[in-house]
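Chains as they are written, first to last, in our numbering: chain S, 1 to 440; chain H, 1001 to 1041. Cβ coordinates follow ideal geometry from the N, Cα and C atoms, glycine included.
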């Protein structure tokens, strides 16, 4: 095991600034795509049980989490990452299990206290993320009071905005068993906030987000399947899945769109840390609201006070996001991140150049690579990659043929406008990631 | 410097993870979440 520090030289200031800007851009793109994932789900009949809805979405998520990395870089890179830092497979599976349990808890929270109370409670995950980032990974160390104010003030501002938006968008929800719902929502927030520990661990150690998500989803799908079978029973669940075949496409599409948002969130976490990346991607609530209000006419006939809450909540969230975006890490703070990375490298015996290349968002230098790692670095997709892409595309095509568009009134003009905006963000942010890091 | 493949035998790997305090925080939270879910059913 290496005993010498593995990350010694500070990153060049220009490179640091460009990675910070990229991370912030990824945070905003994540918000758009995570929020947009709600759109296909709104087309689904509410008669299907929420657990089954989650399970079907997670199937879509699973397919996307393997086919998108295969398409972007090829799975040989995943193998290379596992060879360099095998311990992160365990961390990724653990994080996936946490996501599935948190997601199930939100179903109970919404059922018992309604979205207006539940959403702000589980949105505290970003505040917990800041705490873990500070305590465990040296985030916001030597940041100065202005950056502390920007990040913490911004997160609190976004929390306030989220509360207003949740109240406005759930004026029809009926509260039920309050205490149970509050425990469920808080539990989801704690699970999601703590789930960012494995995220940060992985990215400080140099792992590529495209590799991390492939193992994350194993924990996610396994836990969700066990929960669904336990709660619904195998036979009733199967019948419900068969009965839902006309909406499988929409739910799995929602899962696919969600993965693209989550991928941007992972890159944001990698390059600006959890204390900044997570609050920024929580802007998904604004996008979800835009889809709901503009495309699905959700606030039609609502009172002026509801619209005032929407305007105030959106403004607060936007101000919070701007505050965080303007508080990127200084060179001094970044050097304390490197100390945390150094600690991880020494504990798990991760090769120094791998760790350093990961932090700097670049490929490992060729002479350091050996065997298959060199082949992976050279790029190119294998037969397995094309098979994954073809199977996923084929499955979605079959489900699309089976799908029926429910009778929901949709403002097609707004749907097209929002889709174009999301695609523009996907293209520009994807291009920025490619140019700056080659999706590293 | 030793390569990761040389020092990452499965037994060693699990020992490294088990002795990492960071691992027990999410694991504890996950167990807590499962218990809460069981109470809510």
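Item: With 7 Å as the threshold, decide whether the Cβ of residue 173 of chain S is near any Cβ in chain H.; Value: Legend: pLDDT at residue 173 of chain S = 49, less than 50; position of this residue unreliable, value from coordinates given subsequently. No, its Cβ sits nowhere closer than 7 Å to a Cβ of chain H.
Item: Hey, quick one: how far does the alpha helix (DSSP H) through residue 76 of chain S stretch, first residue to last?; Value: 76 to 84
Item: Could you give the C-beta distance for residue 97 of chain S and residue 223 of chain S, rounded to a whole number, given that I count them as a contact under 8 Å?; Value: 5 Å
Item: If you draw a straight line from the C-alpha of residue 395 of chain S to the C-alpha of residue 134 of chain S, how long is it?; Value: 43 Å
Item: Would residue 146 of chain S be called buried (16 or more neighbouring beta carbons within 10 Å of its own) or exposed?; Value: exposed
Item: With C-beta atoms as the reference, is residue 109 of chain S less than 7 Å away from residue 184 of chain S?; Value: yes
Item: Counting only Cβ-Cβ distances shorter than 8 Å, please list the residues of the segment 111 to 126 of chain S near chain H, keeping chain order.; Value: none
Item: Decide if residue 386 of chain S is buried, meaning its Cβ has at least 16 other Cβ atoms within 10 Å, or exposed.; Value: exposed
Item: Can you list, in chain order, the residues of its chain with a C-beta nearer than 7 Å to that of residue 422 of chain S? Leave out the 5 residues immediately preceding and following it.; Value: 32, 33, 36
Item: Evaluate residue 391 of chain S with the Cβ neighbour count: other Cβ atoms within 10 Å of its Cβ, from every protein chain shown; 16 or more gives buried, anything less gives exposed.; Value: exposed
Item: Just to confirm, are residue 450 of chain S and residue 316 of chain S a CB contact at a threshold of 7 Å?; Value: Because chain S spans 1 through 440 in this model, residue 450 of chain S falls outside it and cannot be assessed.
Item: For the segment 1016 to 1038 of chain H, list every residue whose C-beta sits within 8 Å of some C-beta in chain S, in sequence order.; Value: 1016, 1017, 1020, 1022, 1023, 1025, 1026, 1027, 1029, 1030, 1032, 1033, 1034, 1036, 1037
Item: Would you mind working out which of H/1017, H/1029, H/1021 sits nearest residue 125 of chain S, comparing C-alpha positions?; Value: H/1029
Item: Strictly below 9 Å CB to CB, what residues from chain C border residue 90 of chain S?; Value: Considering every chain present, this structure includes no chain C. Its protein chains are S and H.
Item: Report the rounded CA-to-CA distance for residue 361 of chain S versus residue 68 of chain S, giving the unit in angstroms.; Value: 19 Å
Item: Taking Cβ-Cβ distances shorter than 8 Å, what residues in chain H pair up with residue 278 of chain S?; Value: Per Cβ cutoff of 8 Å: no residues; residue 278 of chain S is ~15 Å from chain H at best.
Item: In chain H, which residues lie with their C-beta within 8 Å of the C-beta of residue 239 of chain S?; Value: Per Cβ cutoff of 8 Å: no residues; residue 239 of chain S is ~21 Å from chain H at best.
Item: Sort S/23, S/249, S/121, S/393 by Cα distance to residue 166 of chain S and report the nearest one.; Value: S/121
Item: Check the Cβ of residue 270 of chain S against every Cβ in chain H and list those closer than 7 Å, keeping chain order.; Value: Those within 7 Å of residue 270 of chain S in chain H number zero; the least Cβ separation is about 17 Å.
Item: Alpha carbon to alpha carbon, how far is residue 325 of chain S from residue 241 of chain S?; Value: 42 Å
Item: Can a CB atom of chain H be found closer than 7 Å to the CB of residue 86 of chain S?; Value: yes
Item: Could I get the ranges of all uninterrupted alpha helix (DSSP H) runs contained in the segment 249 to 315 of chain S, with 4 residues as the minimum, in chain order?; Value: 274 to 281, 284 to 290
Item: Spell out whether any CB of chain H is found under 7 Å from the CB atom of residue 207 of chain S.; Value: no
Item: Taking the alpha carbon of residue 322 of chain S as the point to measure from, which residue in S/84, S/216, S/283, S/341 has its own alpha carbon closest?; Value: S/283
Item: Let me confirm a value: residue 428 of chain S is counted as buried when at least 16 other C-beta atoms fall within 10 Å, else exposed. Which label applies?; Value: exposed
Item: Give a yes or no on whether 7 Å exceeds the smallest Cβ distance from residue 199 of chain S to chain H.; Value: no
Item: Give the range of the alpha helix (DSSP H) segment to which residue 360 of chain S is assigned.; Value: 352 to 360
Item: DSSP on residue 342 of chain S, reduced to helix/strand/coil?; Value: helix
Item: Taking DSSP as the reference, what is the three-state secondary structure of residue 61 of chain S?; Value: helix
Item: Quick check: what's the CA-CA separation for residue 266 of chain S versus residue 348 of chain S?; Value: 22 Å
Item: Report, in whole angstroms, the separation of the C-beta atoms of residue 337 of chain S and residue 137 of chain S, which I expect to be a contact under 8 Å.; Value: 7 Å
Item: For residue 209 of chain S, which of S/259, S/397, S/276 has the nearest alpha-carbon?; Value: S/259
Item: Taking contact to mean at least 3 C-beta pairs separated by less than 8 Å, is the segment 81 to 95 of chain S in contact with the segment 282 to 298 of chain S?; Value: no
Item: If you draw a straight line from the C-alpha of residue 163 of chain S to the C-alpha of residue 1013 of chain H, how long is it?; Value: 43 Å
Item: Is the Cβ-Cβ distance between residue 71 of chain S and residue 274 of chain S less than 7 Å?; Value: no
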